[in-house]
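Participant: The sequence shown begins at 3 in my numbering and counts up one residue at a time.
The structure is given below, and queries will be raised subsequently.
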Amino acid sequence: MSAALPLFGHEAAEASFLSAYRSGRLHHAWLIEGPSGIGKARLAERIGAYLLGARGPASAPFDAPADDGVMRAILAGSHPDMSVQRRELNDKGKLAQDITVDQIRQMTHHFEMKPAMGGWRVGIVDAIDEANRNSANALLKTLEEPPPQSILLLVNHRSRPILPTIRSRCRVLQLSILSEEDCARALDAAGAPAAAHGLARGRPGLGLRLSSPAAINAASAARALIKGMPKPSDKLVSAALSAASDGPEAELAFRDEVLEWVAQRAENEPRAAKAWLGLARLSGDAETLNMDAAQVASKIIAAMHEAAAAK
């Protein structure tokens, strides 16, 4: 029997939640924190499924199979007692920048209703740091006055600060990047291409995202440009700009390669540390400000020159 929603490397976090559940004093809101791509949303889904009655074997209670009745409904997105809110596509077919206040109000209404199956009501926000300020404020009422037999599971990538009033009302589960072995197991379970293993760096979700041809090409272009520093040829720079501008996955793959290189230089060179901080800020600004991909790529390359010139 295989798990419908497999998860690797976070056994301690699951054990902590299970202990709280079995104590009979389960907190009503949980903040599941850590880097993106490590399985936080998957953990929230597994917890929600467990509370709604999906069960795996005694040795792995969260590993419910796909033919479990509750799990079937969750996988189909049709379980009446689970509400999951993520960023949605806008009218142009692109992913919205934020989780909207209307989405949070929809979840609030979900908690105002009686459980359809007579048990728990589960709300998952993936991710709370992708909710705008109005959306976050709209969530506070449910956090402050939780209905009985209800639980909120808030995923937090830590890409932006969240309201202190939200954090203070949650119990926190801190998740870390996976070991090389667990990351490989997660990628294999997901049927990831071989290229994903070299790109994941302990984050299987990232490895999957960066295993597209455009992302692989961008990562290769970044490594070639790094080898050409501090005086890369115009051909290398042109190729890097083109590759890094080939969609969001390509931009991310290029940026990750450069960030790791700059971070290594920053350990001993203050000027490189300044370049790293600029790149870290750019990572947040690029999405928040909806910056043009070519503009982002040129700023990344400018930071590379700054880091390469550090003495």
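All C-beta atoms, glycine included, are put in the ideal place defined by N, C-alpha and C.
With DSSP collapsed to three states, give me the class of Q266.
Facilitator: Here Q266 sits in helix by DSSP.
Participant: Could you tell me the boundaries of the alpha helix (DSSP H) in which L227 lies?
Facilitator: Its alpha helix (DSSP H) spans residues P215 to G230.
Participant: Compare the beta carbon distance of I106 and S137 with 7 Å and say whether it is the shorter of the two.
Facilitator: It is a contact, given that the beta carbons lie within the stated cut-off.
Participant: Buried or exposed: which applies to N158, given that a residue is buried once 16 or more other Cβ atoms fall within 10 Å of its Cβ?
Facilitator: That one is buried.
Participant: Exposed or buried, which one is E253 when buried takes at least 16 other CB atoms within 10 Å?
Facilitator: When all chains shown are included, E253 counts as buried.
Participant: Using beta-carbon positions only, say whether F19 and I49 come within less than 7 Å of one another.
Facilitator: Yes, the Cβ-Cβ distance between F19 and I49 is below 7 Å.
Participant: Starting from the C-beta of A220, find all residues in its chain whose C-beta is less than 6 Å away, skip the five residues before and the five after it, and write them out in chain order.
Facilitator: Contacts found: A245, A246, A252, A255 and F256.
Participant: Once you ignore the five residues that flank A274 on each side, which residues in its own chain have a CB closer than 8 Å to its CB?
Facilitator: Correct list, in chain order: V264, R267, A268, E308, A309 and A312.
Participant: Within the same chain, show all residues whose beta-carbon is closer than 6 Å to that of C185, passing over the 5 residues directly before and after it, in chain order.
Facilitator: Excluding positions up to five away in sequence, the list reads A202, G204 and P206.
Participant: According to DSSP, is A354 helix, strand or coil?
Facilitator: Given that the chain is displayed from residue 3 to residue 313, the structure contains no residue 354 and the question cannot be resolved.
Participant: So, is the C-beta of M73 closer than 7 Å to a C-beta in chain B?
Facilitator: The structure shown contains no chain B; it is built from a single protein chain.
Participant: Taking a contact to mean a Cβ-Cβ separation below 7 Å, would you say A191 touches P37 in this structure?
Facilitator: No, the Cβ-Cβ distance between A191 and P37 is not below 7 Å.
Participant: Is it right to say K237 is buried, meaning 16 or more other beta carbons lie within 10 angstroms of its own, or is it exposed?
Facilitator: Result: exposed.
Participant: So, helix, strand or coil for I126, using DSSP?
Facilitator: Here I126 sits in strand by DSSP.
Participant: If we count the other Cβ atoms within 10 Å of its Cβ and call it buried at 16 or more, is P59 buried or exposed?
Facilitator: Result: exposed.
Participant: Quick one: complete beta strand (DSSP E) runs, 3+ long, within the region 57-114?
Facilitator: Listed in chain order, they are 84-88.
Participant: Would the region 164-172 and the region 133-149 be scored as touching if the rule is three or more Cβ pairs under 8 Å?
Facilitator: The answer is yes - the region 133-149 touches the region 164-172, with three or more Cβ pairs under 8 Å.
Participant: To which residues does DSSP link I153 through a beta bridge?
Facilitator: DSSP, once it has assigned bridges, lists V124 as partnering I153.
Participant: What is the C-beta distance between D128 and S161, in whole angstroms, given that I count them as a contact (C-beta under 8 Å)?
Facilitator: Contact flag wrong, Cβ pair sits at about 13 Å.
Participant: Ignore the nearest five residues each way along the sequence and tell me which others in A242's own chain have a CB closer than 6 Å to its CB.
Facilitator: Only A223 and L227 meet the Cβ criterion.
Participant: What is the DSSP secondary structure of I164, counted as helix, strand or coil?
Facilitator: The answer is coil: DSSP assigns I164 none of H, G, I, E or B.
Participant: Could you give the residue range of the alpha helix (DSSP H) that holds R211?
Facilitator: Residues P206 to R211.
Participant: For a test of the three-state rule: what should DSSP assign to L175, helix, strand or coil?
Facilitator: Here L175 sits in strand by DSSP.
Participant: Can you look up I34 in the DSSP assignment and give me helix, strand or coil?
Facilitator: Reduced to three states, the DSSP call for I34 is strand.
Participant: Going straight from the alpha carbon of F64 to that of D93, what length do you get?
Facilitator: F64 and D93: Cα-Cα distance of roughly 37 Å.
Participant: Give the range of the alpha helix (DSSP H) segment to which I40 is assigned.
Facilitator: Neither: I40 is in no alpha helix (DSSP H) and is coded neither H nor E.
Participant: Considering only the alpha carbon of each residue, which of K116, L180 and L77 lies closest to A5?
Facilitator: Out of K116, L180 and L77, L77 has the C-alpha closest to the C-alpha of A5.
Participant: Suppose the cutoff is 6 Å on Cβ atoms and the five residues either side in sequence are ignored; what does the same chain contact list for A277 look like?
Facilitator: Same-chain partners within the cutoff: V264, A305, E308 and A309.
Participant: Which same chain residues, not among the five before or five after S85, have their C-beta less than 6 Å away from its C-beta?
Facilitator: For S85, where only same-chain residues beyond five positions count, the Cβ hits under 6 Å are M109, H112 and G125.
Participant: Please tell me whether A56 and D69 are closer than 7 Å, where the distance is taken between their beta carbons.
Facilitator: Taking 7 Å as the Cβ cut-off, A56 and D69 do not qualify as a contacting pair.
Participant: In the DSSP assignment, the alpha helix (DSSP H) including S25 goes from what residue to what residue?
Facilitator: Per DSSP, S25 belongs to the alpha helix (DSSP H) from E13 to S25.
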